[in-house]
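The block underneath contains the structure these notes are about, expressed in structure tokens.
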Amino acid sequence: MKKIIVPTDFSDCANNALKAASDIAKKNKAEIHLVHVYDQPFYGFAEANLDIVKNRQVVNHIEEKFNTISALGFMKNVKLKKH
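Next up, the structure:
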């Protein structure tokens, strides 16, 4: 096992699953691919600039959450790729 895919919604339950995955990754020298999916809002042509701004805000929030996860103690010495 070289890669472990872990979906997350950044909830406590998802973090528990990530902790279990990190234990497995450490034992098998595997990397974790952490995946978060969100529904990008779509606005009409007139609101296109608003769409870009709101999407950037959502992406920034997700990046902050990913950084928080990277800093968790149980993630130490685990190779993590964020998607």
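Terminal number for the sequence shown in the working numbering: 84, no gaps in between. For every residue, glycine included, the Cβ atom is placed at its ideal position computed from N, Cα and C. Everything numeric in this text was worked out from a predicted model, so none of it was measured.
Inset, instruction - Say whether the segment 52–62 touches the segment 7–21, bearing in mind that this needs 3 or more beta-carbon pairs closer than 8 Å, one atom from each stretch. - result: no
Inset, instruction - Let me know if M76 comes out buried or exposed under the rule of 16 or more other beta-carbons within 10 Å of its beta-carbon. - result: The sequence position of residue 76 within the sequence shown is 75, counting from 1. Its Cβ being crowded by 16 or more others within 10 Å, M76 is buried.
Legend entry - Assigned secondary structure, V38 (DSSP; H/G/I helix, E/B strand, else coil): To locate residue 38, count along the sequence shown from 1; it is residue 37. Three-state result, V38: coil.
Legend entry - Local conformation of K3 per DSSP, three classes: Within the sequence shown, numbered from 1, the residue matching residue 3 stands at position 2. Correct three-state label for K3: coil.
Inset, instruction - Compute the distance between the beta-carbons of I33 and L81, then report whether it is under 8 Å. - result: Working through the sequence shown from its first residue, we reach residue 33 at position 32. Working through the sequence shown from its first residue, we reach residue 81 at position 80. In this structure, the beta-carbon distance from I33 to L81 falls below 8 Å.
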